[in-house]
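Numbering (the numbering used here), first residue to last: 1 to 346. The C-beta atom is built at its ideal place from N, Cα and C for all residues, glycine as well. One structure below.
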């Protein structure tokens with residue numbers, strides 16, 4: 001039995017290590033703080049323009065080939081030359097960076113924005129825009145429009161706004177059964193884990209997770225209750241071990257494609273344990289225990305239909321008390337969708 005437990009734990013750890021998934025756009029562009037000044041050299045009112053420019057550019061689609069993010073102002077500083085841009089690209093590990101300046105003459109605003117390419121070690125394109133002094137928002141939109149036009153030519157895509165996406169508010173019913181065992185050798189040589197089962201309710205709010213635009217991912221909140229049973233090793237004492245578990249993990253559902261998902265979760269749990277044991281020359285005694293700790297979950301889910309998901313994976317419960325042994329289980333089960341409502345988010 002100990003050998004089986006070791007094989008079981010090794011297989012569970014191998015499953016955890018073997019799961020990896022990478023997300024990246026073809027062109028990742030960082031936007032640095034723009035130098036904003038008046039004729040007399042003082043700071044202008046458009047100092048936050050680079051974050052607003054980032055938001056404007058993020059509204060364009062580019063078929064998912066281009067992504068934008070604003071750099072932290074303290075880390076990037078004021079980029080005023082190619083050498084500054086190259087240095088920031090190296091420190092931030094990015095291939096492209098947008099920087100430049102906006103000048104406020106009191107009567108008008110003029111902007112000069114540069115797109116620096118780290119692989120090419122050069123200014124790839126310069127953009128110009130001008131507007132009235134009180135039209136900073138319109139100037140930002142014009143700059144974003146010019147940059148989007150150039151990137152569409154560069155990527156061979158049409159200029160389109162980011163499409164509205166529909167996200168689901170879903171309520172589901174999970175159910176799993178599995179084999180479980182204590183991880184600690186002292187426990188798993190005396191108490192032999194057998195079967196466990198759990199069920200509960202899953203709530204998936206319509207929260208868009210911007211990991212990648214290629215697939216939709218979801219955050220799931222689960223409230224679950226489970227029961228497990230074990231018996232005493234005959235080489236020691238006759239015993240029966242019963243346990244009731246209540247847990248509330250948060251689960252990240254990473255979609256590999258339309259049918260396959262990886263579920264990674266963690267959260268708190270409460271467990272009530274009953275140990276019934278008959279030591280040698282003693283009458284049967286009953287011991288009770290309350291445990292709190294952290295539940296870890298790693299599952300693979302396959303969706304043969306819109307309503308059903310078949311899942312298998314591992315669950316580990318790590319109690320706070322050092323006297324109680326942590327345990328792991330290998331589970332199989334399903335998730336049945338009870339209700340769904342579409343919510344559109346742009």
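- Note on geometry: alpha-carbon atoms of residue 96 and residue 32 lie some 10 Å from one another.
- Between residue 202 and residue 323, the alpha-carbon positions lie close to 32 Å from each other.
- In summary, residue 69 is exposed, with fewer than 16 beta-carbon neighbours lying within 10 Å of its beta-carbon over all protein chains present.
- Separation of the CB atoms of residue 29 and residue 82 is rounded to 16 Å, and the pair is thereby denied contact status at 8 Å.
- The beta carbons of residue 332 and residue 178 sit closer together than 8 Å.
- Burial is judged here by how many other beta carbons sit within 10 angstroms of a residue's own beta carbon; residue 250 has fewer than 16 and is exposed.
- The beta carbons of residue 148 and residue 116 sit no closer together than 8 Å.
- With respect to the C-alpha of residue 200, the residue from 207, 172, 219 having the closest C-alpha is 172.
- Residue pairing from DSSP leaves residue 57 without any beta-bridge partner.
- Straight across, the Cα-Cα distance linking residue 309 with residue 264 is about 15 Å.
- Membership of residue 158 in any alpha helix (DSSP H) is not indicated, and neither H nor E is assigned to it by DSSP.
- Around the Cβ of residue 105, a 10 Å sphere holds fewer than 16 other Cβ atoms; the residue is exposed.
- In this structure, residue 245 lies away from residue 221, with their beta-carbon atoms at least 8 Å apart.
- In terms of Cα proximity to residue 313, the closest of 262, 51, 182 is 262.
- Beta-bridge pairing by DSSP links residue 132 to 108.
- The beta carbon of residue 119 lies closer than 7 Å to those of 95 in the same chain, with the five residues before and after it left out.
- Using a Cβ distance threshold of 8 Å, residue 241 and residue 229 count as a contacting pair.
- Sequence-distant partners of residue 58 (beyond 5 residues in either direction) whose C-beta falls short of 6 Å from its own C-beta, in its chain, are 68.
- For residue 326, the secondary structure class from DSSP, reduced to helix, strand or coil, is coil.
- With respect to the C-alpha of residue 175, the residue from 36, 320, 299 having the closest C-alpha is 299.
- Taking residue 52 as the centre and dropping the five residues before and after it, the same chain places the C-beta of 137, 140 closer than 8 Å to its C-beta, in chain order.
- In this structure, DSSP gives residue 124 an extended state, which the three-state scheme calls strand.
- Residue state for residue 301 is assigned as strand, using DSSP reduced to three classes.
- Straight-line measurement puts the Cα of residue 266 at about 8 Å from the Cα of residue 248.
- Cβ-Cβ distances below 6 Å link residue 89 to 97, 118 in the same chain, with the five nearest sequence neighbours on each side left out; the list follows chain order.
- By the C-beta density criterion, residue 336 is exposed, having fewer than 16 other C-beta atoms within 10 angstroms.
- Non-local C-beta neighbours of residue 325 in its own chain, meaning closer than 6 Å and more than five positions away in sequence, comprise 182, 184, 187, ordered along the chain.
- Looking from the CA of residue 146, the closest CA among 129, 155, 252 belongs to 129.
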